[in-house]
Structure formats: structure tokens, C-alpha cells
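Chemist: The sequence shown: position 20 = 20 (our numbering), numbered continuously.
Structure provided below as C-alpha cells; questions to follow.
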Amino acid sequence: MFTRNIIKGKVHLFRNVRSYSTKPSGSSSTLKYIAGGFLLGSGATLIYSYTSNLKSSNSTNKSTISVSDLPKLVYGDEKQLQLAIEELKTKINPLNITQHPDTILSHSDNGCNPIKPLDSQKPRYVVFAESTEEVSEILKVMHKYKIPTIPYGGGTSLEQHFFTTRDNSVVLNTSRMNKVLKINEDDLDASVQCGVTWNQLNDTLAELPLTVSGGSCLKFGCDCGLNANMSGMIATNASGIGAQKHGSMVQNVISITAVLADGTIVKTRQRPRKSSAGYNLTGLFSGSEGTLGVVTECIVKLTVVDPIETVCVVQFDDLYKASGAVSKFAQKGLVLDAIEMLDPNMMKAVNFSSQVNQTFDIKPTLFMKLSGINNVVVDEMVKEVKKISEEQGSSSFKFAKDKEEELELFAARKNALWIMLDYGYELFGEDVKLWITDAAVPLSKAAEYLKRSNEIVEKAGLTSVTVAHLGAGNFHIDLYYLPHQLPVCEKVVKDMCKLSIELEGTITGEHGIGLGKKELLPLEIGDASVDLMRKIKLSLDPNAILNPDKVIKIDPEEKFNGTWSGKY
Numbered sequence: 001m002f003t004r005n006i007i008k009g010k011v012h013l014f015r016n017v018r019s020y021s022t023k024p025s026g027s028s029s030t031l032k033y034i035a036g037g038f039l040l041g042s043g044a045t046l047i048y049s050y051t052s053n054l055k056s057s058n059s060t061n062k063s064t065i066s067v068s069d070l071p072k073l074v075y076g077d078e079k080q081l082q083l084a085i086e087e088l089k090t091k092i093n094p095l096n097i098t099q100h101p102d103t104i105l106s107h108s109d110n111g112c113n114p115i116k117p118l119d120s121q122k123p124r125y126v127v128f129a130e131s132t133e134e135v136s137e138i139l140k141v142m143h144k145y146k147i148p149t150i151p152y153g154g155g156t157s158l159e160q161h162f163f164t165t166r167d168n169s170v171v172l173n174t175s176r177m178n179k180v181l182k183i184n185e186d187d188l189d190a191s192v193q194c195g196v197t198w199n200q201l202n203d204t205l206a207e208l209p210l211t212v213s214g215g216s217c218l219k220f221g222c223d224c225g226l227n228a229n230m231s232g233m234i235a236t237n238a239s240g241i242g243a244q245k246h247g248s249m250v251q252n253v254i255s256i257t258a259v260l261a262d263g264t265i266v267k268t269r270q271r272p273r274k275s276s277a278g279y280n281l282t283g284l285f286s287g288s289e290g291t292l293g294v295v296t297e298c299i300v301k302l303t304v305v306d307p308i309e310t311v312c313v314v315q316f317d318d319l320y321k322a323s324g325a326v327s328k329f330a331q332k333g334l335v336l337d338a339i340e341m342l343d344p345n346m347m348k349a350v351n352f353s354s355q356v357n358q359t360f361d362i363k364p365t366l367f368m369k370l371s372g373i374n375n376v377v378v379d380e381m382v383k384e385v386k387k388i389s390e391e392q393g394s395s396s397f398k399f400a401k402d403k404e405e406e407l408e409l410f411a412a413r414k415n416a417l418w419i420m421l422d423y424g425y426e427l428f429g430e431d432v433k434l435w436i437t438d439a440a441v442p443l444s445k446a447a448e449y450l451k452r453s454n455e456i457v458e459k460a461g462l463t464s465v466t467v468a469h470l471g472a473g474n475f476h477i478d479l480y481y482l483p484h485q486l487p488v489c490e491k492v493v494k495d496m497c498k499l500s501i502e503l504e505g506t507i508t509g510e511h512g513i514g515l516g517k518k519e520l521l522p523l524e525i526g527d528a529s530v531d532l533m534r535k536i537k538l539s540l541d542p543n544a545i546l547n548p549d550k551v552i553k554i555d556p557e558e559k560f561n562g563t564w565s566g567k568y
């Protein structure tokens with residue numbers, strides 16, 4: 001009776017089971033064998049198997065996945081890697097697959113990361129793709145053999161994004177996909193391949209016949225690090241100096257074409273400026289750091305270049321007055337092209353540099369860009385900016401009278417990286433290193449964040465210079481250190497990250513999480529949000545081959561010692 005009731009109660013579980021047998025379908029033999037198993041005394045075994053599978057499937061049935069729910073990762077071994085490479089040679093030009101030592105080295109580190117890759121953190125092969133279709137073919141093979149694959153764009157990342165953390169890894173380089181496909185002047189957008197850099201796109205726009213006051217009529221608003229390309233900028237949701245007016249990449253990308261881990265090609269949107277068609281997949285890929293798919297093309301917004309521009313440089317006696325002025329600009333509805341701040345230490349570096357012709361007081365200094373459709377508009381903006389600055393206690397105010405002076409005044413900000421490098425060599429010698437940080441906080445917390453961060457730096461016996469996108473509350477507090485001071489520097493960076501979280505901010509405004517900030521992400525957004533990200537990751541990439549170990553933990557056996565130099 002017990003067996004008969006079990007069969008009657010559970011038979012519906014098998015009615016929709018798809019058979020993968022090569023035998024003809026249509027018979028009830030499968031159910032007969034199951035029933036026979038019960039009748040012959042195997043019922044207890046089947047019941048145990050069913051309930052055991054049900055228990056093990058509970059983790060996959062959850063809306064999120066915690067580290068404790070993760071299965072053990074298994075990647076392809078040496079044999080699988082060689083099979084993958086041989087198959088790949090039948091899909092793409094074999095000359096685009098290389099193990100040349102120089103290429104391997106250049107795809108292991110770009111010289112901008114404080115931590116250098118271990119010998120185990122170097123790719124076995126670098127594969128160059130030249131089209132979306134080739135990326136698809138490459139990923140189909142990598143997915144088949146479970147080969148870890150690291151997308152590589154312009155190589156300008158500052159957060160170890162293209163370090164290979166797994167044995168037998170392949171780097172997928174998309175930089176040769178560098179064509180501007182179409183510029184839609186009437187609609188103010190452009191279709192480009194992923195390897196196009198923002199400055200390349202703006203150079204192309206400058207060659208259009210439409211010009212205003214000798215400059216391009218159109219431009220792309222996100223001006224990140226020089227030679228950053230579209231795929232990398234999307235991957236980190238980068239921004240730059242123009243973020244004050246144009247926002248980050250997620251605000252500037254209309255549509256994305258991406259290839260998923262198994263080679264599936266998806267396009268997230270059509271071309272209108274607004275759409276409510278389904279999930280916001282464009283936003284999903286923005287900031288995903290190459291862990292969800294490989295971006296191959298995108299449609300980006302363009303903006304009209306205002307014919308009249310100028311630069312204002314305003315100095316204040318302290319940080320609170322400077323940030324107070326920036327808050328007032330926003331409250332007055334003033335939309336400036338850029339609001340950048342250099343702290344007193346950075347102003348010392350500026351005065352030391354030969355790249356700037358002027359000498360400034362050693363004070364917090366705002367470098368601002370303003371523009372408008374005519375001189376009347378710009379003049380009124382300058383008057384309002386000056387009035388607010390004086391009300392907030394500015395000690396000096398300069399604005400450019402012509403293009404030459406505009407370039408001269410903004411040179412201190414434009415050349416900031418080279419200025420701080422020269423200054424570091426002068427202070428500490430040729431062995432000095434520079435760690436660039438990237439926290440962001442609400443504008444009302446900006447002065448407190450910088451003040452307390454400087455206290456952390458000074459207490460540790462280090463020296464820093466700061467460049468901030470102050471209009472967006474985004475700080476690059478850049479630390480000088482010598483090789484033996486690396487552990488101290490790591491702790492300082494971690495403490496500043498925790499401070500940004502305490503002040504309702506973020507550990508990264510535009511550079512991304514990468515490897516080193518992964519352990520801090522749950523402190524900022526909570527375990528549940530990280531578990532949701534993990535669920536999304538493994539839903540799109542069940543073998544976890546795309547840029548493994550970046551952003552979130554995907555391996556329960558991962559060994560990470562809590563530092564940027566942790567071994568995986």
C-alpha cells in the first residue's frame with residue numbers, strides 16, 4: 001500500500017521529464033521501470049535520491065547565491081586548453097592567436113597597478129578578435145572547454161581588471177575592433193565598435209564639415225583617461241572631467257551589443273533616446289567589468305559643443321569653503337562643464353612643475369569650465385560663479401579672457417598626472433610609486449572626507465596629492481610610497497575606503513572594483529546585494545569563465561588574504 005501510494009502521488013513528477021535516450025519515444029517503459037523499482041524494493045533508494053536532489057537544488061532555486069551555496073569551480077586543464085586552441089585555429093585567423101612573451105607580458109600588467117601580477121597571473125595565450133562574430137566563435141570554444149577568458153580593451157585599468165587569476169587562462173583582446181561605424185548628426189548619436197577610444201571618436205567628429213567657432217559641432221562627453229576605449233569605459237562605468245555635465249558612461253550609452261559567455265550575441269536596445277522595452281540590459285552591462293559579457297559595439301550619445309567657452313580658477317582658504325561654493329552652484333541651477341579641485345599639496349606640485357606657466361597660492365583650488373551659446377550667457381554665468389565664490393569666502397578669482405589664457409589656466413588640471421609623477425620623483429627619488437584612489441561621497445560630506453582622509457595619510461607617515469571631480473564628489477587621493485611601504489599604503493587605502501562608506505559614499509566613483517576592492521563591496525551595499533550580483537553572474541556565465549574573481553567571489557575555495565596582493 002505504501003509503495004502504491006507513493007507511485008500515485010509522485011507519478012506527475014515524471015510526466016514532463018524529457019528523455020535523452022536514443023530509443024524511440026512514445027512508450028511508457030520509463031515509468032514501468034520506475035514502478036518496477038518500487039515494487040522490487042528500490043522505492044526507498046528513489047525517494048532518497050529525489051529528496052537529496054531537491055535539497056541540493058534549494059540553493060539554485062533561491063533568488064540570490066551566497067558563497068556557502070557556491071559549487072566548486074572546475075576549469076579546463078592543459079589538455080582542454082590545447083584542444084580549445086586547436087579548435088579556435090579553425091574558427092579565426094591562427095595568426096591572431098599568440099604566445100609571444102612581449103604580448104603575454106603587456107596583457108598581464110599595464111604598469112599602473114600598485115600590485116604586480118604573480119607568475120601564475122599571466123595568460124597562456126592572447127587572442128585578438130576583429131568582429132562581433134569572431135568574439136562569438138571564440139567564446140563558444142572557451143565555453144565548451146571551460147577556459148577562463150579575460151576581456152581586454154585599451155589596457156588602461158587601474159584595478160587589476162585584466163589580471164589572470166586562474167591557470168590556463170586566455171586574454172581576449174578586442175582593441176582591433178576600432179571603427180566608427182556611423183554618425184547620426186541629426187539624432188546626436190554614433191555607432192562605434194568597442195575598441196574606439198573617446199578621443200578617437202572626438203577626433204572623427206572634429207573632421208565633420210559642421211563646425212562652430214573653429215571647433216567641432218559635436219563631441220562625446222565622457223573624457224576619461226587618454227586612450228580609454230568604449231568597452232573598458234562601459235565595463236567600469238567610467239566618467240572623467242566631463243561627468244559634472246554629462247554624467248558617467250551609463251548616462252551616455254543608448255545601446256550595447258555584447259557577446260555572452262556561451263557565444264550568444266545580444267543587443268540591448270534600438271536607437272531612441274528613451275525606451276521602456278523590457279529590462280535595462282544596457283545598464284546591467286555598464287559597470288560589469290567584463291564578468292557578464294564582452295561588449296563589442298555600442299551606440300553612444302553625442303552633444304553639441306557650445307561656441308563660447310571659458311575657464312575660471314578660484315582659490316579658497318579651506319576645503320569647507322570650496323565645497324560649500326560647489327554646493328551653492330548646484331543649488332542655483334548652474335550647470336558647469338567641469339568643476340575640478342586640487343588640494344594644497346597638489347598645488348605645491350603644480351608650482352614645482354615646468355608644465356604650468358603660472359604660480360598659485362598653496363590653497364584648495366577650483367578649476368572650472370563654463371560654456372554657452374553666446375558671450376552674454378557665458379558672461380552671466382561667470383558673474384554668478386564669482387558672486388557665489390565670494391559669498392563663500394574665496395581668496396582669489398581668475399577667468400580666461402581668450403583661448404590662450406583658457407588653455408594656460410586649465411593646464412594645471414589637464415596635466416595633473418604628469419605633474420604629480422614629476423613631483424613624486426623630486427620628493428622621493430626614482431623608486432617612488434603612486435597609488436591612485438577613487439572614492440566618492442555626497443557633496444555635503446566632501447570636505448569631511450578629504451580632511452579625515454588626510455589625517456589617515458599623515459598618521460601613517462605617507463604623503464598624498466588630491467585631484468577631485470568635486471562637482472560629483474569623486475576624489476582621487478593619490479599616495480606616494482616606496483616599495484617597503486606597500487603594506488602601510490594598502491592599509492591606508494582600505495581605511496579611506498571604509499571612511500567613504502561611513503560617509504554614505506562609495507569605494508569607487510569611476511575605476512571599478514576589480515580584485516582589490518572585492519572584499520569591501522559587501523560593506524558598501526550589503527551581503528544580499530552581492531549575492532544577487534553573484535546570481536546574475538552565474539545565470540549568464542554558469543561556468544564562470546568571463547573575467548573570474550573580479551567584482552565578486554565566485555569560488556568557495558578562493559584563498560584571499562584581504563590585501564590587494566592576495567594570491568588566488
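All residues carry an ideal CB built from backbone N, CA and C; glycine is no exception.
Quick caveat: nothing in here was measured; it's all calculated off a predicted structure.
What do you get for T132, buried or exposed, if any count of 16 or more other CB atoms within 10 angstroms of its CB means buried?
Modeler: T132 comes out buried.
Chemist: Compute the distance between the beta-carbons of S275 and R269, then report whether it is under 8 Å.
Modeler: Yes, the Cβ-Cβ distance between S275 and R269 is below 8 Å.
Chemist: Along the chain, which unbroken stretches of the alpha helix (DSSP H) at least 4 residues long are found entirely within the segment 83 to 136?
Modeler: For the segment 83 to 136, whole alpha helix (DSSP H) runs of length 4 or above, ordered along the chain, are 101 to 106.
Chemist: Just checking, does the segment 470 to 485 make contact with the segment 523 to 536 on the three C-beta pairs under 8 Å criterion?
Modeler: No, because fewer than three Cβ pairs between the segment 470 to 485 and the segment 523 to 536 fall closer than 8 Å, the two stretches do not touch.
Chemist: In terms of DSSP beta bridges, what is K301 paired with?
Modeler: Answer is D189.
Chemist: When the distance is taken between beta carbons, is Y125 closer than 8 Å to I97?
Modeler: Against a cut-off of 8 Å, the Cβ pair of Y125 and I97 comes out as a contact.
Chemist: If you pair each beta-carbon of the segment 305 to 318 with each one of the segment 392 to 408, do three or more pairs fall below 8 Å?
Modeler: Enough Cβ pairs lie closer than 8 Å, so yes.
Chemist: If you count every other CB in all the chains shown that lies within 10 Å of the CB of T90, and 16 or more means buried, which is it?
Modeler: T90 comes out exposed.
Chemist: Just curious, the alpha helix (DSSP H) that M249 is in, first and last residue?
Modeler: Premise fails: M249 is in no alpha helix (DSSP H) and is neither H nor E.
Chemist: For D186 and N199, I'd like the C-alpha separation in whole angstroms.
Modeler: Cα to Cα, the separation comes out at about 21 Å.
Chemist: V170 and I147: beta carbons closer than 8 Å?
Modeler: Contact flag set, yes.
Chemist: Shortest alpha-carbon distance to E510 belongs to which of K451, D438, K445, P522?
Modeler: For the residues K451, D438, K445, P522, the minimum Cα distance to E510 belongs to D438.
Chemist: Give me, in chain order, the residues of the same chain whose beta-carbon lies closer than 7 Å to that of L569; leave out the 5 immediate sequence neighbours on both sides.
Modeler: Residue coverage of the chain in this structure runs from 1 to 568, which leaves residue 569 outside it and unanswerable.
Chemist: Touch check for the segment 337 to 347 and the segment 290 to 302: three-plus C-beta pairs under 8 Å?
Modeler: Cβ pair count under 8 Å is below three, so no.
Chemist: Note down the Cα distance separating G324 from I456, rounded to an integer number of angstroms.
Modeler: For G324 and I456, the distance between alpha carbons rounds to 23 Å.
Chemist: Is the beta carbon of N237 sitting closer than 8 Å to the one on V250?
Modeler: Yes, these two residues count as a Cβ contact at 8 Å.
Chemist: Pull up the DSSP beta-bridge partners for L479, would you.
Modeler: According to DSSP, which records beta bridges pairwise, L479 is partnered with W435, S464.
Chemist: To which residues of the same chain is S108 closer than 6 Å at the C-beta, ignoring the five residues directly before and after it?
Modeler: Closer than 6 Å at the Cβ level, and outside the excluded window around S108, lie P117, K122.
Chemist: Let me know if Q99 comes out buried or exposed under the rule of 16 or more other beta-carbons within 10 Å of its beta-carbon.
Modeler: That one is exposed.
Chemist: Could you tell me which whole beta strand (DSSP E) segments of length 3 or greater appear in the segment 258 to 303?
Modeler: As far as the segment 258 to 303 is concerned, its whole beta strand (DSSP E) runs of at least 3 residues are 265 to 267, 294 to 301.
Chemist: Please classify R273 as buried or exposed, where buried requires at least 16 other C-beta atoms within 10 Å of its C-beta.
Modeler: Exposed.
Chemist: DSSP on I419, reduced to helix/strand/coil?
Modeler: If DSSP states are grouped into helix, strand and coil, I419 belongs with the helices.
Chemist: For F316, report the span of its alpha helix (DSSP H) as first-last.
Modeler: First-last for F316: 308 to 316, but that is the beta strand (DSSP E), not the alpha helix (DSSP H).
Chemist: Assuming F397 is part of the alpha helix (DSSP H), what are its boundary residues?
Modeler: Premise fails: F397 lies in the beta strand (DSSP E), 394 to 399, not in any alpha helix (DSSP H).
Chemist: Going by CA-CA distance only, name the one from F329, C222, K433 that's closest to E391.
Modeler: Ranking F329, C222, K433 by Cα distance to E391 puts F329 first.
Chemist: Between the alpha carbons of A243 and L105, how many angstroms are there, rounded?
Modeler: If you take the alpha carbons of A243 and L105, they lie about 33 Å apart.
Chemist: Can you look up L342 in the DSSP assignment and give me helix, strand or coil?
Modeler: Correct three-state label for L342: strand.
Chemist: Using the DSSP secondary-structure output, state which residues sit across from P548 in a beta bridge.
Modeler: For P548, which the question treats as bridged, DSSP gives no partner whatsoever.
Chemist: Buried or exposed: S120, going by 16 or more other Cβ atoms within 10 Å of its Cβ?
Modeler: Burial call: exposed.
Chemist: For a test of the three-state rule: what should DSSP assign to F360, helix, strand or coil?
Modeler: Correct three-state label for F360: coil.
Chemist: Which class does K328 belong to by DSSP, given the choice of helix, strand or coil?
Modeler: In this structure, K328 counts as helix in the three-state DSSP scheme.
Chemist: Mapping the DSSP letters down to three states, classify A238 as helix, strand or coil.
Modeler: Coil, per DSSP.
Chemist: Taking the DSSP output, what are the residues bridged to T506?
Modeler: Paired residues: A440.
Chemist: My output table needs one value for S371: the three-state DSSP class, helix, strand or coil.
Modeler: In this structure, S371 counts as strand in the three-state DSSP scheme.
Chemist: Measure the C-alpha to C-alpha separation of D167 and K332 and round it to an integer number of angstroms.
Modeler: Cα to Cα, D167 sits roughly 55 Å from K332.
Chemist: Do S286 and I234 have their CB atoms nearer than 8 Å?
Modeler: Cβ distance < 8 Å, so S286 and I234 count as in contact.
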